[in-house]
Amino acid sequence: MIAQQDFMIVSVLLFCIGLFIIVSKKNAIQILIGIELMLNAAILNLVAFGKFDRANNGGQVFALFAIVLAAATTAVALAIILNVYRRYKTINPDKINQLRD
Amino acid sequence: MIPILSHTDAQTVSFAIWAVALPFVAFALNLLLFGKSKIAALISTIAIVASLVLAVKVFLSVWNAPVIHAQTTWFIIGATKVQAGLLLNNLSVLMLLLVPVIALPVHIYSIAYMKADEGYSRYFRYLSLFCFSMLGLVVVDNLILLYAFWELVGFSSYLLIGFWFTRQSAVMANKKAFIMNRIGDIGLLTAIIILYTLFGTFDIQALFGKDGFVQLSNIAAGMWAGPHSAIPAVWQYVAFAGIFLAVAAKSAQFPLHTWLPDAMEGPTSVSALIHAATMVAAGVFLLGRVYPLFIESELTILAIVGAFTAFMAATIALTQNDLKRILAYSTISQLGFMVLAMGVGAYASSLFHLVTHAFFKCLLFLVAGIVIHQMKHIKDDSNLDIDPQNILYMGGLRKKLPLTFIATIIGALALIGLPLTSGYLSKDGILIQAFDWAESRGAIFNIIPYAALLTSWLTAFYVARLVVKVFFGEFRLHKANPHIHIHMGDGSWLYKAPLVFLAICSLFPLFSNSPIFYEDAWIYKSFLPSNFLARENLYHIIIPALVNILAVVVMYAAFAIYGKRNAWAFPQAGLLYRLSFNEWYIDRFYSRVIIKFVMWFSNLLYWFDKKVVDGVVDLFTNMGIALAKLAAWLDRNIVDGLLHLVSAVVQSIGNFARRFQGGKVQYYLYSMLLVVAVVFIFKMIF
């Protein structure tokens with residue numbers, strides 16, 4: 000039997016990997032991937048803690064919602080990245096600093 | 000209060016005002032319109048002619064008539080009301096007449112005399128200014144106005160002495176005259192202030208008139224009491240000293256006489272008008288105006304100073320070689336006689352002598368002008384290096400200048416005081432009254448009349464010497480330079496007419512019916528006090544006889560010494576000769592002692608000013624600069640420093656904070672993570 004704790008460890012690892020990707024990568028797509036990893040960590044948590052709601056399966060339902068939402072946001076984010084790329088000819092977030100100062 | 004004047008009096012007053020104002024009008028016209036034009040002479044002369052006519056009218060209506068005193072309120076300070084106006088009495092109308100009578104011949108003479116001069120119109124401008132000042136001086140009724148005109152007279156005299164201002168000597172001379180006159184002015188001002196303090200008025204008539212304040216005042220128990228108040232008696236003496244200084248400066252009395260010989264640097268016609276006839280008489284005129292002020296002992300001082308001045312100047316004139324200088328010293332000597340006469344109470348004789356002296360001394364100066372003019376022509380024509388005023392170069396001019404010679408003889412005889420001339424009438428009057436005066440006092444007072452007597456013989460000698468040197472013998476310049484071309488004459492009628500007029504006025508008929516007795520002279524009679532002593536003692540016969548017989552002898556002696564043998568009368572190495580030739584060393588004493596002291600004192604003051612006064616100022620400046628520097632440092636480092644510190648803190652905080660706002664998206668996230676981590680750690684610890 001996989002213990003609750005193991006889910007959480009995997010989830011923390013996923014979250015941390017995602018966070019690391021977000022703060023360290025210089026490519027907007029990769030950052031998006033990092034965000035997805037963090038979302039998946041959260042969803043994993045939802046699913047793992049869903050066993051305490053056997054009657055309604057609230058955790059699983061929430062996870063499904065989150066997955067749908069994640070897909071939607073990813074679509075929006077990719078569209079934004081596409082537009083950013085058209086405008087700046089780059090998707091390195093450090094270079095996109097027109098609003099600075 | 001303005002006294003109501005009758006119609007004729009009002010007319011007389013307006014005539015007098017116009018007589019005074021016309022020369023000023025001429026001055027103003029010349030100054031404003033005819034700056035360089037030759038018309039200036041015409042305007043000045045016309046003004047003086049008109050002045051003369053008006054003065055004659057005023058004279059005829061006022062002479063021996065009641066005093067006319069017209070005044071109007073000049074200004075009011077607090078409760079003090081100062082009146083300004085005219086005081087026409089015998090004294091002032093006599094002077095009012097005398098000034099234009101003398102000034103007119105001088106103007107006419109000047110037209111010819113100054114013809115070639117560059118400053119022709121400037122000369123007439125100054126001359127008109129002088130005439131205005133002098134006429135104003137004699138008619139005003141108020142001590143303040145008197146003082147103002149007194150200063151104006153001194154100032155116009157200053158302008159005229161320094162007329163040829165490019166000459167160093169003329170500049171020195173006019174400076175000297177001005178400074179000496181200033182000393183007198185201070186005296187006059189002091190006296191005026193004292194009189195005002197005691198009597199509260201400047202009105203001459205109220206002060207010195209009949210039953211005026213001065214007559215009502217008396218000195219008792221160390222106080223000088225006027226009708227309203229009293230001040231310590233010492234102020235009376237100070238007032239006298241002030242008046243005396245003023246008189247001594249203006250009328251060239253010892254010890255302030257040294258400016259007059261130097262004043263001969265001016266044109267000769269100016270010397271004739273100002274420094275012989277009119278301006279120098281202003282001092283005597285002032286004595287006449289304030290005569291009631293003097294007490295017995297002060298009159299004695301006047302007599303002593305007058306006698307001493309007369310004697311000293313006569314001895315100096317004995318050995319001088321400059322034609323004008325001799326005449327200048329004789330003027331000082333005659334002014335000494337006038338002051339002496341005032342001192343011995345011969346008020347009438349003094350003023351009489353003033354008038355007669357004005358005529359013959361003016362005549363002598365005009366003659367001197369002609370002689371000097373001719374000598375200067377010779378000098379310029381032949382390029383000789385001589386002083387045209389030196390009588391040693393002259394001689395034998397009587398044939399070349401016949402009319403001038405006759406005029407000189409008349410003037411000289413009048414100056415010596417021989418009978419038939421006006422000088423005799425006035426001078427013997429002074430001598431006789433001096434003897435009368437001395438007799439009523441102690442024997443020691445006899446020195447004064449005897450000094451005067453001796454002076455009149457000395458006068459005879461130096462005048463004879465002058466005439467002989469100039470007009471008799473042979474022309475020494477020609478003898479020394481036989482090749483020079485000599486061409487001289489009396490000149491045009493512009494020269495001759497004034498000479499003839501003044502020569503006639505120097506004879507007795509103008510003044511008296513009788514050529515012998517001075518008591519018959521009309522000017523003399525008009526000034527007599529009521530308690531006049533009739534001719535009573537022996538002096539009245541002996542003195543004129545003695546004076547004249549000895550004067551003739553002295554004149555003959557001078558003629559014999561200088562005319563015949565052409566010798567020196569005095570051993571030139573002798574002490575007395577040197578004393579006389581160096582003018583009693585008075586000038587030298589002044590320059591060695593007084594001027595040196597004054598210069599030393601001025602230098603001391605300069606040093607004091609430079610080092611101490613300026614030093615204190617500099618010290619304050621330096622202190623100010625140091626304080627300012629300190630303040631600047633404080634401002635820059637402390638006040639500004641605080642602000643800079645604040646701004647630096649704000650800036651560094653800003654710099655620190657803006658690092659989080661660098662526009663890097665990931666950095667935002669990173670910092671947010673950090674904060675969350677920190678909060679988390681804090682939560683865990685506490």
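Chains as they are written, first to last, in numbering that gives the first Met the number 0: chain A, 0 to 100; chain B, 0 to 685. Ideal Cβ placement from N, Cα and C applies to all residues, glycine included.
In its chain, beyond the 5 residues on either side, Thr420 have a beta carbon closer than 6 Å to the beta carbon of B:Leu412. Residue-level contact by beta carbon fails for A:Asp5 and chain B, as no gap is shorter than 8 Å.
At least one C-beta of chain A is nearer than 8 Å to the C-beta of B:Leu668. Approximately 19 Å separates the beta-carbon atoms of B:Ala240 and B:Gly153; this is outside 8 Å, ruling out the contact. By the neighbour-count criterion, in which a residue is buried when 16 or more other Cβ atoms sit within 10 angstroms of its Cβ, B:Arg124 is buried. In this structure, the straight-line span from the alpha carbon of B:Arg591 to that of B:Trp17 is close to 48 Å. Closest in C-alpha terms to B:Cys130, from the list B:Leu142, B:Gly118, B:Met113, B:Leu159, comes B:Leu159.
With respect to B:Ala271, B:Cys361 sits close: the two C-beta atoms are nearer than 8 Å. For B:Ile303, the uninterrupted alpha helix (DSSP H) run begins and ends at 295-318, by DSSP. The DSSP-derived three-state label of B:Val648 is helix.
Using a Cβ-Cβ cut-off of 7 Å, B:Val664 is close to Pro92 of chain A, given in chain order.
Under DSSP, B:Gly84 forms a beta bridge with B:Gln70. Under the DSSP assignment, B:Pro401 falls in the alpha helix (DSSP H) whose first and last residues are 401-415.
Here A:Asn91 is exposed. Its C-beta has fewer than 16 other C-beta atoms within 10 Å. Put simply, the stretch 345-358 of chain B touches the stretch 273-281 of chain B. At least three CB pairs are less than 8 Å apart. Annotated three-state conformation of B:Ala219 is strand, per DSSP. Proximity of A:Ile21 to chain B, defined by a Cβ-Cβ separation below 8 Å, is satisfied. Counting of Cβ neighbours within 10 angstroms places B:Lys114 among the exposed residues, the total staying below 16. Distances from the alpha-carbon of B:Ser13 to those of B:Tyr108, B:Ala313, B:Val138 put B:Val138 closest. Beyond the five residues adjoining it in sequence on each side, B:Ala25 comes within less than 7 Å, by CB distance, of Ile42, Ser43, Ala46, Ser127 in the same chain, given in chain order. Beyond the five residues adjoining it in sequence on each side, B:Leu417 comes within less than 8 Å, by CB distance, of Tyr423, Asn547, Ala550, Val551 in the same chain, given in chain order. With respect to B:Leu32, B:Phe58 sits apart: the two C-beta atoms are not nearer than 8 Å. Here B:Ala190 is not near B:Ile273, since their CB atoms are 8 Å or more apart. In the structure shown, B:Val138 adopts helical secondary structure according to DSSP, grouped into three states. For the options B:Arg166, B:Phe207, B:Trp258, the alpha carbon positioned closest to that of B:Ile585 is the one of B:Trp258.
Assignment of B:Ala345 by DSSP, reduced to helix, strand and coil, places it in the coil class. Spanning the alpha carbons of B:Asp210 and B:Ile182 requires a straight line of approximately 31 Å. For the pair B:Gly394 and B:Arg475, the CB atoms are nearer than the 8 Å cut-off. Between B:Val289 and B:Phe207, the beta carbon gap of about 6 Å places them in contact (Cβ cut-off 8 Å).
For B:Pro254, no alpha helix (DSSP H) run applies, since DSSP gives it neither H nor E. The straight-line gap separating the alpha-carbon atoms of B:Leu365 and B:Leu575 is approximately 31 Å. Taking a C-beta distance under 8 Å as the contact criterion, A:Leu63 and A:Ala40 do not qualify as a contact pair.
In the structure shown, B:Asp386 falls within a coil segment according to DSSP collapsed to helix, strand and coil. Out of A:Gly57, A:Ala47, A:Gly58, A:Thr73, the CA that lies nearest to the CA of A:Phe6 is found in A:Ala47. DSSP places B:Pro231 within a strand segment (E or B) once states are collapsed to three.
If you check the CB distance, A:Ala69 and A:Leu38 come in under 8 Å.
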